[in-house]
Amino acid sequence: EPEVTQTPSHQVTQMGQEVILRCVPISNHLYFYWYRQILGQKVEFLVSFYNNEISEKSEIFDDQFSVERPDGSNFTLKIRSTKLEDSAMYFCASSPRQFRTYEQYFGPGTRLTVT
Amino acid sequence: DAKTTQPPSMDCAEGRAANLPCNHSTISGNEYVYWYRQIHSQGPQYIIHGLKNNETNEMASLIITEDRKSSTLILPHATLRDTAVYYCIVREIQGAQKLVFGQGTRLTINP
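Residue numbers (my numbering), protein chains in the order written: chain A, 1 to 115; chain B, 1001 to 1111.
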């Protein structure tokens, strides 16, 4: 069964450094998302992406964040200058374009630790 | 903010049916009810969704009241692997609509 994959599983970085989190969505899916979950808190929406552009972004997704689909398979989240409060699990998700469905399939997540 | 209300925790014995309630009294006509679960710190997993009719798949059944203001997710024969946080989410079914997660219900299946 196809699944969303994410790399790395765990990333440790120093405050102020740039990080790129990578995702490979399910191959025939057209909608892509990033969510994050700070330890012990709710899953929070960051951004959605369709047709090579951002469809919606949350207040969390400020100028320090960017997304890209550099080729036909990868979907990346870049944080330009990490802060301690960016420490969280980051989940990528994708969904197909099927009438009356649009369920989102999530990857296993990348645990980002900013020190 | 999440548009749903769920109990924070529930327990169920292994092998019994787990019935998880959700209130969504402000649901609008074009919003569907989705259920996801999150096992430990894994990515959320889609379970089922519905509009107004009851739905069943290999994982669960979804019962939606006639007025659509509440629903119940039923896991017919719960196993230890069903221990997870279950999220009830209402969402429009157009395109790239985000999922808004609440706190969910922490379901513990006891042996």
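All C-beta atoms in this analysis are idealised placements derived from N, C-alpha and C, irrespective of residue type, glycine included.
Of the residues the options, the one placed nearest residue i, counting alpha carbons only
i, options, result
"residue 965 of chain B", "B:1014, B:1016, B:1034 and B:1012", "Summary: the structure shown does not reach residue 965 of chain B, with chain B confined to residues 1001 through 1111, and so no result is reported for it."
"residue 1038 of chain B", "A:60, A:26 and A:105", "A:105"
"residue 32 of chain A", "A:56, A:84, A:65 and A:113", "A:56"
"residue 1109 of chain B", "B:1003, B:1020, B:1006 and B:1072", "B:1020"
"residue 1011 of chain B", "B:1099, B:1091 and B:1086", "B:1086"
"residue 85 of chain A", "A:69, A:52 and A:115", "A:115"
"residue 52 of chain A", "A:45, A:44, A:68 and A:37", "A:68"
"residue 1028 of chain B", "B:1049, B:1059, B:1003 and B:1082", "B:1003"
"residue 1111 of chain B", "B:1006, B:1005 and B:1013", "B:1013"
"residue 70 of chain A", "A:25, A:96, A:10 and A:1", "A:25"
Straight-line gap, residue i to residue j (C-alpha atoms, nearest Å)
i, j, result
"residue 63 of chain A", "residue 1054 of chain B", "43 Å"
"residue 90 of chain A", "residue 1030 of chain B", "29 Å"
"residue 27 of chain A", "residue 73 of chain A", "7 Å"
"residue 14 of chain A", "residue 1008 of chain B", "36 Å"
"residue 1065 of chain B", "residue 1022 of chain B", "11 Å"
"residue 48 of chain A", "residue 93 of chain A", "9 Å"
"residue 1056 of chain B", "residue 83 of chain A", "44 Å"
Presumed contact (8 Å Cβ cut-off) between residue i and residue j, rounded CB distance
i, j, result
"residue 1069 of chain B", "residue 1024 of chain B", "6 Å"
"residue 1017 of chain B", "residue 1075 of chain B", "7 Å"
"residue 87 of chain A", "residue 110 of chain A", "Their Cβ separation, rounded to whole angstroms, is 12 Å, which puts residue 87 of chain A and residue 110 of chain A out of contact at 8 Å."
"residue 65 of chain A", "residue 1098 of chain B", "So it is not a contact: roughly 15 Å between Cβ atoms."
"residue 1088 of chain B", "residue 1071 of chain B", "7 Å"
Determine, using beta-carbon pairs with one atom in the segment 14-21 of chain A and one in the segment 69-89 of chain A, whether at least three such pairs fall under 8 Å. Counting Cβ pairs under 8 Å, three or more are found: they touch.
What are the residues of the segment 103-115 of chain A that lie near chain B, defined by any Cβ-Cβ distance shorter than 7 Å? Hits within the stretch, in order: 103, 104, 105, 106, 107, 108 and 109.
Residues of the segment 1025-1045 of chain B whose Cβ lies closer than 9 Å to any Cβ of chain A, in chain order: Within the segment 1025-1045 of chain B, the residues whose Cβ lies closer than 9 Å to some Cβ of chain A are 1032, 1034, 1036, 1038, 1041, 1042, 1043, 1044 and 1045, listed in chain order.
Under 7 Å (Cβ pairs) to chain B, residues found in the segment 52-84 of chain A: 55 and 56: these are the residues of the segment 52-84 of chain A whose beta carbon lies less than 7 Å from some beta carbon of chain B, given in chain order.
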